[in-house]
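Colleague: Quick one: this structure, given as structure tokens, is what I'll be asking you about.
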Amino acid sequence: MIDSSLRWVDDRLGIAKGGRTFLDKIFPDHWSFMLGEIALYSFVVLLGTGVFLSLYYIPSAHEIVYHGGYLPLQGQKVSEAYASSVGLSFDVKSGLLMRQAHHWSADIFLGSIAVHMARVFFTGAFRKPREFNWIVGVTMLLLGIVNGFLGYSLPDDLVSGTGIRIAYSILESIPLAGSYLGTFLFGGNYPGNGIIIPRFYLLHILIVPALIVGLLAAHLGLLVKQKHTQFKGRGKTEHNVVGSPMFPTFMAKTTGFLFVTTAVTFILAGFAQINPIWQFGQYEPFQISYAVQPDWYMGWLDGALRIMPSWEFVGWGHTIPLEVLLPAVIFPGIIFNVFFAWPFIEARHTNDLAYHNLLDRPRDRPKRTGAGAMMLMLMFMVFGASSTDVLANFFQVPLNSVLWFFRIAVPLIPVITYFVTVKICEEMRGAEGIGKRKPPNVVHRSASGEFSTVPAEARPGDGHEELEAVPVPAFIDMVPADLATGPGIRRVMR
Amino acid sequence: MIRGRYAIPAALLATVGIFGLMAFSPSAAQADSTTPTTVASAAGGYAYPTPTSTTPTTSPTSSAPSGYGTADITLPDSFIAPGQALFDASCASCHGADAAGTSRAPNLQGLGAGTVDFWVSTGRMPLAISSIQATVKPPRFDRLQTLQIAAFVQSKAPGTGMPIPIVNLSAANLEVGGSLFTLNCAACHTITGAGDALAGGAFAPSLHLATPTQIIEAIRSGPGDMPRFSEGNLTPTEAHDIAAYVHGVIQHPEDRGGFGLGGIGPVGEGFVGLLVGVGLLMLVCFWIGERT
Ligand code: HEM
């Protein structure tokens with residue numbers, strides 16, 4: 022009965038073949054291949070919690086008198102957006118948990134994208150034929166950052182409002198087009214006539230997530246089509262993929278991982294406070310609090326802004342605030358262009374136009390690894406610079422010294438990092454036996470008390486661990502015995 | 087190596103974790119209670135924990151409070167002599183025997199008893215190390231001794247400077263205090279009162295330790311790099327509203343939602359998100375994945 026109706030569907034849609042390709046997809050088992058999944062699943066958590074929030078959040082700058090659970094705010098005039106966000110935190114059951122889960126998973130989402138991207142970068146997985154997927158990935162990172170900023174602005178509290186104010190100045194600093202862009206987005210001069218919140222809301226919950234979903238589909242589609250890369254190893258060549266099949270092994274693993282990601286997010290949301298907007302108060306354009314920082318994934322932009330000396334270009338009847346333009350427009354512009362273009366920059370530099378399905382070990386590519394370490398260090402330093410005041414306060418040193426420390430360290434330390442990394446990679450490559458599994462030794466004691474060491478004989482369980490036998494469903498072709506490297510392991514030709 | 091067999095226990099554990107959290111999370115638990123612990127709602131206004139430091143336990147007579155915010159402590163003349171002895175022992179080496187200042191420390195005459203009370207009761211004075219800015223320490227003198235020193239300094243220029251205010255917050259308005267605080271103080275002390283570094287090597291200290299009296303004294307005297315707010319800038323009522331907000335809300339924040347992470351905002355949150363969130367999940371990857 023089920024069989025015949027399934028066949029009926031398949032006769033018309035012909036999905037069995039595609040479904041089979043999908044179920045047959047081979048996933049390499051190396052742990053670093055799961056990092057992208059953290060991003061995928063925290064995006065799922067973002068969607069879920071986001072839908073919950075949008076049931077209660079009111080995207081309006083309309084002023085109302087607050088009557089809710091947070092007593093110090095009673096009777097004050099606040100925007101509906103702020104009132105409903107505080108309401109989510111105080112009056113809606115599980116509302117605060119959901120708000121915090123949404124925010125924590127945004128932090129985890131972007132963090133895991135960064136880690137995933139680092140894995141792809143350091144192993145050279147972006148090389149031909151996977152340049153497209155790299156570009157798709159960088160675009161998702163960009164959209165994720167943008168959406169995080171948009172969401173952070175929605176509660177209309179003092180801290181996020183200051184962020185919008187800064188964003189407006191950044192837009193305005195762009196020569197010629199800037200003030201028009203600002204007016205266009207804000208529907209007038211800053212702070213606009215309350216139109217910014219509904220606009221950000223639309224972008225945040227619909228347009229940008231939809232773009233991300235589309236790119237995600239493309240990302241995974243390309244992954245299935247081009248198949249995974251893999252590390253060099255026994256039985257692994259440029260022309261095959263070794264790993265677990267989608268069904269049943271990987272399916273079980275990955276579903277478990279979805280639960281674990283959700284659990285970690287909700288553990289954080291339940292135990293660690295994030296963005297307590299009720300303590301910040303409603304945003305008023307004329308108020309400001311010190312120690313205002315954006316979320317960490319925007320921190321590097323803020324840091325660049327902070328350490329920039331105040332330069333200005335005045336001429337031809339225009340003032341170009343270089344102090345904003347350089348760090349907040351040109352700097353991220355360069356960074357993202359380098360991200361996008363990296364596969365092509367590297368291919369041109371190495372003259373390497375071949376197909377690559379096997380990954381590099383980072384130490385085998387000292388220059389690439391050095392460049393990656395340099396970029397990570399640069400990001401870390403600029404991020405550090407976004408907390409100049411917090412650091413100065415924490416270490417009880419003058420703010421100005423911290424500022425000058427970063428002005429020197431931000432350009433200098435990444436360069437040092439590059440050379441040190443290259444050196445380390447070269448040394449590691451030179452060392453003998455490194456990267457190889459050490460065989461166990463057996464220590465013998467002779468009758469006269471003399472000790473000697475002999476390498477042990479290989480036993481099952483040393484080296485590559487044995488796999489459990491996994492029953493192969495009938496509808497997947499069995500692997501010919503001569504291709505199987507072990508029970509349960511599947512191998513397909515590309 | 088496929089750790090498929092761990093996936094199911096992990097999934098079970100995780101699900102239990104989620105439901106457990108939903109049930110026991112602070113927000114779910116607190117959602118029913120409409121009375122937060124820190125600020126008890128009373129008819130028409132709010133009740134605060136009665137500040138103990140505001141009512142001197144010793145003999146100084148206070149002029150009868152007419153409303154709140156306008157009454158000051160009058161220090162009896164009998165305080166001056168013991169005050170002088172204490173001053174000679176602990177302060178005169180820097181400020182001079184008659185508090186007129188030396189090359190090492192400023193003139194104190196005319197600053198008023200309130201200013202002296204602030205600097206001594208917060209532990210700033212006597213100065214321990216000459217850093218850019220005197221820091222808050224456990225005070226050296228008890229309340230009576232502090233008032234005696236204040237009386238001595240006051241006697242050098244009677245009738246001038248800021249007296250020691252009597253602070254009674256029972257009628258203060260917390261909401262007004264909140265918006266006045268955001269407007270006047272948050273720019274330096276941050277919106278959560280955690281304090282922050284300022285330009286020029288100074289720093290605005292955390293407001294979590296100051297007593298209501300010290301808050302009013304700071305507002306009126308403007309210690310160090312802090313501006314002085316005269317009664318024209320902030321009326322006595324407004325100053326009391328601010329003190330009430332600092333005492334009632336800033337010092338006892340509504341910290342639902344878990345550990346407060348120090349109230350320093352996204353930098354701390356970012357570290358936790360990356361180290362705990364992403365870090366834990368990477369460990370899980372490492373656990374269920376292959377490690378060669
Ligand atoms: C790339 C995906 C997303 C990211 C990075 C993201 C990030 C954020 C952040 C950081 C906040 C601020 C939270 C706070 O502390 O109050 C926020 C708020 C919000 N987000 Fe998202 N979000 C994403 C997707 C979504 C989706 C898909 C929806 C709706 C279906 C959504 C609905 C909301 C709503 C309604 C708020 C305001 C809630 C409040 O302020 O109380 N988000 N988002």
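Chains A and B are the protein sequences, given in the same order.
Quick note on our numbering: the first sequence kicks off at 22 and runs consecutively.
Quick note on our numbering: the second sequence kicks off at 87 and runs consecutively.
Beta carbons: idealized from backbone N, C-alpha and C, even for Gly.
All of these numbers come straight from a predicted model, not from anything done at the bench.
Do three or more CB pairs link the stretch 367-375 of chain B to the stretch 278-298 of chain B at distances below 8 Å?
Modeller: Contact fails: fewer than three Cβ-Cβ distances are below 8 Å.
Colleague: Do the stretch 92-110 of chain A and the stretch 176-190 of chain A touch if we need at least three Cβ pairs shorter than 8 Å?
Modeller: yes
Colleague: For G302/A, go through chain B and note every residue whose CB falls closer than 7 Å to its CB, in chain order.
Modeller: G264, T268 and I277
Colleague: The alpha helix (DSSP H) spanning N270/B covers which residue range?
Modeller: Counted as a single uninterrupted DSSP element, the alpha helix (DSSP H) harbouring N270/B occupies residues L260 to N270.
Colleague: Is the CB of P492/A under 8 Å away from at least one CB in chain B?
Modeller: Per-residue confidence for P492/A stands at a pLDDT of 45, beneath the threshold of 50, marking its modelled position as unreliable; the derived number appears in the next sentence. So no, P492/A is outside the interface.
Colleague: Would you say G198/B and M248/B are within 8 Å of each other, going by their C-beta atoms?
Modeller: yes
Colleague: Are any of the Cβ atoms in chain B nearer than 8 Å to that of G132/A?
Modeller: Closer than 8 Å: yes.
Colleague: Kindly list, in the order they appear in chain B, the residues whose Cβ is closer than 9 Å to that of V99/A.
Modeller: Those do not exist, as V99/A stays about 10 Å from chain B at its closest Cβ, beyond 9 Å.
Colleague: Cβ closer than 7 Å: which chain A residues qualify as neighbours of G187/B?
Modeller: Correct list: empty, because the minimum Cβ distance to chain A is about 26 Å.
Colleague: Give every residue of the same chain whose Cβ lies closer than 6 Å to the Cβ of Y439/A, excluding the five residues on either side of it in the sequence, and list them in chain order.
Modeller: The answer, listed in chain order, is G391 and M395.
Colleague: Would you kindly work out how many angstroms separate the C-alpha atoms of W205/B and A273/B, rounded to a whole number?
Modeller: 23 Å
Colleague: Residues in the same chain with beta-carbon distance under 6 Å from S152/B, minus the five sequence neighbours each way, listed in chain order, please.
Modeller: With a pLDDT of only 36 at S152/B, under 50, the local geometry of the prediction cannot be trusted, and the value read off the model is given with reservation. Correct list: empty, nothing qualifies.
Colleague: Residues in the stretch 303-322 of chain B with C-beta within 7 Å of chain A's C-beta atoms, listed in sequence order?
Modeller: none
Colleague: In whole angstroms, what separates the C-alpha of S295/B from that of P313/B?
Modeller: Per the sequence presented here, residue 295/B reads as Leu, with Ser not at that position. Distance between L295/B and P313/B, taken at the CA atoms: about 20 Å.
Colleague: Are there three or more Cβ pairs, one per stretch, closer than 8 Å when the stretch 412-428 of chain A is compared with the stretch 459-469 of chain A?
Modeller: no
Colleague: So within the stretch 56-139 of chain A, which uninterrupted alpha helix (DSSP H) runs reach at least 4 residues, ignoring any that extend past its ends?
Modeller: Runs of the alpha helix (DSSP H) lying entirely within the stretch 56-139 of chain A and spanning at least 4 residues, in chain order: 56-77 and 101-111.
Colleague: Consult DSSP for K257/A and reduce its assignment to one of helix, strand or coil.
Modeller: Of the three classes helix, strand and coil, the one that applies to K257/A here is strand, per DSSP.
Colleague: For T188/B, count the other beta carbons within 10 Å of its own beta carbon; 16 or more makes it buried, fewer makes it exposed. Which is it?
Modeller: Label assigned to T188/B: exposed.
Colleague: With F427/A and S265/A assumed to form a contact (beta carbons below 8 Å), what rounded beta-carbon distance in angstroms separates them?
Modeller: Separation of the CB atoms of F427/A and S265/A is rounded to 46 Å, and the pair is thereby denied contact status at 8 Å.
Colleague: Are I233/A and G165/A touching if we call contact CB-CB under 8 Å?
Modeller: yes
Colleague: Anything in chain B within Cβ reach of A430/A, meaning under 7 Å, just list it in chain order.
Modeller: Within 7 Å Cβ-Cβ: nothing; A430/A doesn't reach chain B, min ~17 Å.
Colleague: Can you pull the chain A residues whose beta carbon is under 7 Å from the beta carbon of E376/B, in chain order?
Modeller: D50, H51 and W52
Colleague: Taking only three categories from DSSP, how would you classify G334/A?
Modeller: The sequence shown places Phe at residue 334/A, not Gly. Three-state result, F334/A: strand.
Colleague: Within 8 Å (strictly less), CB to CB, does D203/B reach chain A?
Modeller: no
Colleague: Could you work out which residues of chain A lie near E324/B, taking near to mean beta carbons separated by less than 9 Å?
Modeller: None at all; the shortest Cβ gap to chain A is about 16 Å.
Colleague: At the level of alpha carbons, what is the spacing between A133/B and L260/B?
Modeller: At A133/B, the pLDDT of 32 sits below 50, so the modelled position is not reliable and the matter cannot be decided from this model.
Colleague: Flag K274/A as yes if its beta-carbon sits less than 8 Å from any beta-carbon of chain B, otherwise no.
Modeller: With a threshold of 8 Å between beta carbons, K274/A makes contact with chain B.
Colleague: Would G363/B and I134/A qualify as a contact pair, given that the criterion is a beta-carbon distance under 8 Å?
Modeller: No. Outside cutoff.
Colleague: So for V262/A, helix, strand or coil by DSSP?
Modeller: strand
Colleague: Where do the ends of the beta strand (DSSP E) carrying R466/A lie?
Modeller: Segment N462 to R466, the beta strand (DSSP E) holding R466/A.
Colleague: Using DSSP bridges, identify the partner residues of E376/B.
Modeller: E376/B is bridged to H51/A.
Colleague: Would you decide whether D410/A is buried or exposed? Buried here means 16 or more other CB atoms lie within 10 Å of its CB.
Modeller: Around the beta carbon of D410/A, 16 or more other beta carbons lie within 10 angstroms, which makes this residue buried.
Colleague: Given that a residue counts as buried once 16 or more other Cβ atoms are within 10 Å of its Cβ, and exposed if not, what is M22/A?
Modeller: Under this definition M22/A is an exposed residue.
Colleague: Does the stretch 170-186 of chain B come into contact with the stretch 227-240 of chain B, if we say contact requires no fewer than three beta-carbon pairs (one atom in each stretch) closer than 8 Å?
Modeller: Because the criterion of three Cβ pairs below 8 Å is met, the stretch 170-186 of chain B and the stretch 227-240 of chain B touch.
Colleague: Can you tell me whether N319/B is buried or exposed? The criterion is at least 16 other CB atoms within 10 Å of its CB, across all chains shown.
Modeller: exposed
Colleague: Could you give the distance in angstroms between the alpha-carbon of V222/B and the alpha-carbon of P297/A?
Modeller: 28 Å
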